[in-house]
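Our numbering applies: residue 1068 is where the sequence shown begins, and numbers increase by one. Positions of the beta carbon are idealized from the N, C-alpha and C atoms, including for glycine.
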Amino acid sequence: SALQAGRFAAEFARWGPREFARAIPVIPGSNVRHVVPQRLHPDSLSDDAVQLQLRVREPVEEAVRVRAKVGDDVVASKRLRYVRPSEMVALELDPALARAVEGAEALRV
């Protein structure tokens, strides 16, 4: 969102770039066109909740569940009445998940 971008721009201007140990790639799943952010820093997740924003490839006009998975483990889930390519879907990763994604190879949505 614009508010989040502004907050991070102000943080960058004030403190400079943050150093992170490593980044975990966020990989789009079968019906997901793209996900933002494309990489997740576990340290940033321990600071505050991280919102994943995505668009789907094909509309699903029935109840659907959007999941973020590390391997076979579901770390975040959200139930929606429908999803459409024209509408951005947001999935929030709670700071309590920092330890679950810390050693992950990738996060799949």
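As a beta-bridge residue in DSSP terms, A1143 pairs with A1135. Annotation: the continuous beta strand (DSSP E) that includes L1160 extends over 1156-1160. Rounded to the nearest whole angstrom, the C-alpha separation of K1145 and G1073 is 26 Å. Non-local C-beta neighbours of P1162 in its own chain, meaning closer than 8 Å and more than five positions away in sequence, comprise L1112, S1113, D1114, D1115, A1116, ordered along the chain. Taking C-beta atoms under 8 Å as the contact rule, L1107 and L1174 qualify, at a distance of about 6 Å. Within the region 1083-1135, the complete beta strand (DSSP E) segments of 3 residues or longer fall at 1091-1094, 1099-1103, 1117-1123, listed in chain order.
DSSP, read as helix, strand or coil, puts R1166 in helix. The Cβ-Cβ distance between V1168 and I1094 does not fall below 8 Å.
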